[in-house]
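Heads up, the thing below is written out as structure tokens.
Protein chains in written order, with the numbering used here: chain A, 1 to 307; chain B, 1001 to 1279.
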């Protein structure tokens, strides 16, 4: 096949540009623009040559150019399908897909082809919007799935999950974690005499006290019914007992039927166990058993588990 | 009852940090240069410049968590939402390798990252070199022209998103949740200029919407500010502002175009850096 004089860049339906290689003018200075580029940019070839690519890009596209496109081009010699916004005459902005190659040698040039991507851009915008909505929905659903509806504390599932994370961290840093399980004393009577709504109100007020008493790194959740649990990182048994003592005082400020609310607490510290078995399940079970012993020995007190 | 031990001391495992931040040492020499890449790419940006250093200096290269061949699972939005998180990467590396007297060379946002690290643990650093740095990319009239309006930078976030749509994992973090295994969410980590969309977005936010002008006067290390003559991300007035506000700094303006002058004009840049290091 012989060369045809019509096969010139001016006939290509995309903007073809050539810029000087990067060590001359930072890869920016325009040396050539085809007819399509003139039409798309609304500028004559004479005025384009000598301008820099930077002049043609929006500020956001200039950042993309400098932090992504050009480094990629210099490193790999080629880059494909980079979305940019071109600043045209009369303030119009046209989204384009840019491809570029870098030629070797002393007198290297960068060859650019820019394709009008107005419609693809609309689709992208829609996809971004959809993604953001999806993100928001998924965040909302996640929050619902980890929260106890009545008290706003984390639920049993999340309590277990967070506890396991804290225990894993603690094993690495070889620091102790304590677990406290607490249960309202005689809660059945409250429900029977005052009604379930009053019972719910007590649970909410207790949850507020627990939330306030927790340090930022602690996890506190509702295990179920009138049973709650704390996971206390960096806390040995003596600190956990101090924590529990203070909790009794604070909870006592809640009044039911003219009498202070009381709770029974069981605590256990991971130091009490061999590392291989100090899972949350084991710790919870031990603290739970200690809590029931506290109930049996008269309620309104804390007992430490003795595994 | 068990006595409480002091658990405050953190001991970093060298192998763990080396792997997390893809730490590499090249070159031979008494003194150590730590090269920190900026937003967008990874340690490979230095490959044009390192040949000028390796015969006389030991050079430490690394990737911030989330970039290059770092360990993507170590990324957390919380930690890396502000530049202090990136500075902690620098300090973690210094601690794990027990480094002192480091000459820190940071491109772009890593200039401020280096300053944050040097303010936190001054004894680890000998001097700072900042290539095309900026303490704030926003225009905050009337006194400061970072170069960009808030709207420009919001468009940048959109543009980044559009460029990441083509990537397989654009929707993956949402669809799979944050419990998704590394090998599914992390398949793109490892390419030179493309990072995970969430990582890139977080890094871009930390870089472009922050304002660290207030820390400049606290600088105590000899500092070279290298400024390109024409750089959209750090215009000459930004370099001048930093020079005026940073004690111990000197400003050199290079006749270069663009922000990646360490890649485009490696010889010009390394000559200035070497002159400063051996001053």
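Note that the Cβ used here is the ideal one computed from N, Cα and C, for glycine as well.
For residue 1077 of chain B, same chain residues with a beta-carbon under 8 Å away, outside a window of 5 residues either side, are 1198 and 1202 in chain order. Residue contact check for residue 1045 of chain B against chain A: a CB pair falls below 8 Å. In the three-state scheme derived from DSSP, where H, G and I count as helix and E and B as strand, residue 67 of chain A is classed as helix. When the beta-carbon positions are compared, residue 251 of chain A and residue 209 of chain A come within less than 8 Å of each other. At a cut-off of 8 Å between beta carbons, residue 147 of chain A makes no contact with chain B. Within its own chain, the residues whose Cβ lies closer than 6 Å to the Cβ of residue 1230 of chain B, once the five positions on either side in sequence are excluded, are 1257, listed in chain order. DSSP places residue 1222 of chain B in the coil class of the three-state scheme, outside both helix and strand. Taking the C-beta atoms as reference points, residue 1238 of chain B is found no nearer than 8 Å to residue 1254 of chain B.
Straight-line spacing of the CA atoms in residue 271 of chain A and residue 236 of chain A works out to 7 Å. If only uninterrupted alpha helix (DSSP H) runs of at least 4 residues are considered, those enclosed by the stretch 1010-1086 of chain B are 1014-1020. The DSSP assignment places 219-224, 227-233 and 263-269 as complete runs of the beta strand (DSSP E) inside the stretch 204-284 of chain A, in order along the chain (cut-off: 3 residues).
The beta carbon of residue 59 of chain A falls within 8 Å of a beta carbon belonging to chain B, placing the residue at that interface. A straight line joining the alpha-carbon of residue 1193 of chain B with that of residue 1154 of chain B spans about 21 Å. For residue 1192 of chain B, the three-state secondary structure derived from DSSP is coil. Secondary-structure assignment with DSSP links residue 1148 of chain B through a beta bridge to B/1138. For residue 305 of chain A, the three-state secondary structure derived from DSSP is coil. Here the C-alpha atom of residue 1214 of chain B lies approximately 15 Å from the C-alpha atom of residue 1133 of chain B. Annotation for residue 99 of chain A: no alpha helix (DSSP H) segment contains it, though the beta strand (DSSP E) segment containing it runs 93-102.
In summary, the residues of the stretch 30-63 of chain A whose CB is separated from some CB of chain B by less than 9 Å are 52, 54, 57, 58, 59, 60, 61, 62 and 63, in the order they occur in the chain. Interface flag for residue 1015 of chain B against chain A is unset, since no Cβ pair is found closer than 8 Å. Inside the stretch 1214-1262 of chain B, DSSP marks whole beta strand (DSSP E) runs of 3 or more residues at positions 1223-1230 and 1249-1257, from first to last along the chain. Following the DSSP letters along the chain, one finds residue 1208 of chain B inside the alpha helix (DSSP H) bounded by residues 1197-1208. Contiguous beta strand (DSSP E) elements confined to the stretch 121-197 of chain A occur at 177-184, taking only those with 3 or more residues. For residue 1273 of chain B, the enclosing alpha helix (DSSP H) stretches over residues 1266-1277. Counting of Cβ neighbours within 10 angstroms places residue 274 of chain A among the exposed residues, the total staying below 16.
Under the DSSP assignment, residue 1106 of chain B falls in the beta strand (DSSP E) whose first and last residues are 1102-1107. Nearest CB-CB separation between residue 68 of chain A and chain B: below the 8 Å threshold.
The beta carbon of residue 99 of chain A sits closer than 6 Å to the beta carbons of 80 and 113 from its chain, once the five residues preceding and following it are set aside; these are given in chain order. In this structure the stretch 1080-1096 of chain B does not touch the stretch 1046-1059 of chain B; the number of beta carbon pairs closer than 8 Å is below three. Here the stretch 1217-1232 of chain B makes no contact with the stretch 38-47 of chain A; the two share fewer than three CB pairs at distances below 8 Å. C-alpha of residue 1036 of chain B to C-alpha of residue 1106 of chain B: approximately 5 Å in a straight line. Going by DSSP, residue 54 of chain A is part of the alpha helix (DSSP H) stretching over 53-56.
At least one CB atom of chain B sits nearer than 8 Å to the CB of residue 128 of chain A. Between residue 1026 of chain B and residue 1062 of chain B the beta-carbon gap is near 12 Å, outside 8 Å, which marks them as no contact. Per DSSP, reduced to three states, the secondary structure at residue 1090 of chain B is helical. By alpha-carbon distance to residue 1128 of chain B, the top candidate from B/1249, B/1272 and B/1264 is B/1249.
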